[in-house]
């Protein structure tokens, strides 16, 4: 019955990539902890680069200065 | 002072349904735990079906195959 | 497939109260949005009063001054 | 390595305000807890007023009646 | 810069299992989305079975009746 | 009505430090976004170093090898 929330910046992840991520994380929980995949929930939040900060500045600002 | 976060798939919940959910959850916290409704916060996140997985596959894929 | 997270201060909620909360919230999602209860997950986080703030002060401080 | 999530209603916060918030929160973690800013992550979620409730009603409804 | 939160019931996951989960999820984000592992954060929350519900009842209750 | 969640490793933050963090974050939301402090909620989650990973390894492991 695990619940997993994955947060990434919204920068063009495709449906295929997101499906692969959901499949992969679910399988890890089965393999490592013996969890039941049928009740394992994974959600992905894509967050605008203006709304994500690291090192005290937004990802938008970091991208602009090439960081 | 409770904080409740409800996550559902983005599949057409109406403003009325969301208002009813907020009202109902707040009332439960009053009735069961004696919480003050004035400081009870409820947020609802609607998540795209591509970004929600269960059983290792996305809700989009499940809907397509009629699951 | 909803996921609900309820956060309250750790101040003695009983197992019975928590079970009632889980039951009630699940039923609301069934009644209002037609969700399947079998795949509705509810988690409750109990947070120490030192770790919860409102109005810029901790709940511990508010309780001490009778707020 | 702290992770901070800030949730506000979606009511026109500007990129500059969000950048200031990210900068300020990161600095607080440096000043108060001695955290390394380079690995401090801050995300901001802007939530529709239909999806945010307090006192058992949505912010949309509160705004309408001038609360 | 992804942030991943994994929530499981507190039922004896070992330090080794949790380390394997952190390693595996980080690698998935590298392999599927090309993320930088150095800034990928994974947290695991272990939630008491009294505080986790599915199907409207707690995991504690489900375990007792053999579900 | 903002809600802020701060997640740090459980490594001895004092009650005074946590109170300062709550006060400071609340003030930032007042100063930058004009939010009402009375309805601003801040919670702090302290996460065991075994349950927090960065760069694919736990903080426990990083501390041991002096990272």
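Chains as they are written, first to last, in full-length UniProt numbering: chain A, 1 to 67; chain B, 1 to 67; chain C, 1 to 67; chain D, 1 to 67; chain E, 1 to 67; chain F, 1 to 67. Every residue gets a Cβ at the ideal spot worked out from N, C-alpha and C, and that includes glycine.
- For residue 39(A), the closest of 23(B), 24(B), 37(B), 58(B) by C-alpha to C-alpha distance is 58(B).
- With contacts defined as CB atoms closer than 8 Å, residue 56(C) and residue 27(F) qualify as a contacting pair.
- The segment 1 to 18 of chain E and the segment 34 to 49 of chain E touch, with no fewer than 3 CB-CB distances between them shorter than 8 Å.
- It is roughly 16 Å from the alpha-carbon of residue 6(B) to the alpha-carbon of residue 5(F).
- When DSSP states are grouped into helix, strand and coil, residue 63(A) belongs to the helix group.
- Neighbours of residue 41(E) in chain D, taken as residues whose beta carbon is under 9 Å from its own, are 1, 3, 39, 41 in chain order.
- Residue-level contact by beta carbon fails for residue 56(E) and chain A, as no gap is shorter than 8 Å.
- Membership of residue 31(C) in the alpha helix (DSSP H) is indicated by the continuous run 15 to 33.
- Per the C-alpha coordinates, the member of 3(E), 66(E), 36(E), 43(E) positioned closest to residue 19(E) is 43(E).
- Within a 10 Å sphere around the beta-carbon of residue 23(C) sit 16 or more other beta-carbons, which makes this residue buried.
- At a cut-off of 8 Å between beta-carbon atoms, residue 53(F) makes contact with chain E.
- Using beta-carbon distances, residue 30(A) does not count as an interface residue toward chain E, since no partner is under 8 Å.
- In this structure, the beta-carbon distance from residue 53(B) to residue 41(A) falls below 8 Å.
- In the structure shown, residue 39(B) adopts helical secondary structure according to DSSP, grouped into three states.
- In this structure, residue 32(D) places its C-beta atom within 8 Å of the C-beta atom of residue 21(F).
- In this structure, 61(D) is the residue among 3(D), 61(D), 1(D), 66(D) with its C-alpha nearest to the C-alpha of residue 15(B).
- Secondary structure of residue 45(D) (DSSP, three-state): strand.
- Residue range 52 to 54 is occupied by the beta strand (DSSP E) that includes residue 53(C).
- Inter-residue distance for residue 37(D) and residue 25(E) is about 24 Å (C-alpha atoms, whole angstroms).
- Within the same chain, 39 come within 6 Å of residue 1(D) by CB-CB distance, once the 5 residues on both sides are set aside.
- Each of 45(F), 3(F), 65(F) was checked against the Cα of residue 3(D), and the nearest Cα belongs to 45(F).
- Residues are counted here when their Cβ sits less than 7 Å from a Cβ of chain F; for the segment 8 to 23 of chain D these are 8, 9, 13, 17, 20, 21, given in chain order.
- Excluding sequence positions up to five before and after residue 63(D), its CB lies within less than 7 Å of the CB of 49, all in the same chain and listed in chain order.
- Among the residues facing chain C, residue 67(E) is not included, as its CB has no counterpart in that chain under 8 Å away.
- Look at residue 26(F): its C-beta is under 8 Å from a C-beta on chain C.
- DSSP places residue 7(E) inside the beta strand (DSSP E), whose first and last residues are 3 to 9.
- When the Cα atoms are used, residue 65(E) and residue 35(A) turn out to be separated by approximately 19 Å.
- The beta carbon of residue 67(A) is closer than 6 Å to none in its chain, skipping five residues each way along the sequence.
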